[in-house]
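What follows is a set of notes on a single structure, which appears directly below.
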Amino acid sequence: MEGRRSRPPRRARAALVDLTRLLGRGPVALDTAVFIYFIEEHPKHLETVEPIFQAIASGRLEAITSTLTLLEVLVAPYRAGNIDLAQRYEAVLTRTRGLLMVELERPVLRLAAQLRARSRVKTPDALQLAAGLARRCTAFVTGDRRLPDVPGLRVVRLSELA
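All the letters of the sequence shown, read from the start, carry residue numbers 2 to 163 under the numbering used here.
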């Protein structure tokens with residue numbers, strides 16, 4: 002395409018290197034807010050989350066999220082009657098190569114219950130973390146500053162990526 006660079010700009014390349022350093026080389030789990038900030042182009046957080054989606058699109062990063070994310074992102078668009086936005090969310094979650102939605106099956110639910118029992122995280126957070134643990138993710142990316150670290154999964158807050 003005319004006018005397009007064959008390589009990402011230097012800043013984008015640096016962001017991808019930083020992502021790999023912070024998140025590791027394995028798959029990463031993404032919390033619901035990461036999708037909201039990306040799809041709705043949040044003015045404060047878009048610059049932080051966009052490199053994650055660029056890395057996924059380029060095949061440099063594999064990501065997962067649980068099916069709970071679909072429920073959580075669709076509530077506001079449905080409440081507002083914004084079917085186009087709901088469809089955009091669903092398309093990103095179901096058609097992005099390199100992004101897997103993990104079903105909340107019994108082993109994940111058991112793991113989430115164990116997390117809740119040990120660390121008192123809320124149920125939605127426990128489900129997301131358990132999905133990441135079940136898929137052997139190296140990190141869990143979240144906008145939640147209060148989410149505690151859990152054994153076996155590094156919790157990376159967006160503020161660490163900014």
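Ideal Cβ placement from N, Cα and C applies to all residues, glycine included.
Comparing C-alpha distances from Thr33 to each of Gly25, Ala58, Tyr90 and Ile57 shows the shortest one belongs to Tyr90. Less than 8 Å divides the Cβ of Ser67 from the Cβ of Met102. Look at Ala163 here: in three-state DSSP terms it is coil, with no helix or strand label.
Leu134 has its alpha-carbon roughly 21 Å from the corresponding atom of Leu162. Within the same chain, and ignoring the five residues on either side of Ile37 in sequence, the residues whose Cβ sits closer than 8 Å to its Cβ are His43 and Val74. When C-alpha distances from Ile65 are compared across Gly27, Arg117 and Tyr79, the shortest belongs to Gly27. In terms of CA proximity to Leu72, Leu94 leads the group Arg119, Leu94, Thr49 and Ala140.
The alpha-carbon of Leu130 is positioned some 23 Å away from that of Ala92. Rounded to whole angstroms, the separation of the alpha carbons of Glu106 and Thr49 is 31 Å. Distance from the CA atom of Gly99 to the CA atom of Leu62, rounded to whole angstroms, is 7 Å. Residue pairing by DSSP places Leu101 opposite Ile65 in a beta bridge. Val156 counts as buried, since at least 16 other C-beta atoms from the protein chains shown sit within 10 angstroms of its C-beta.
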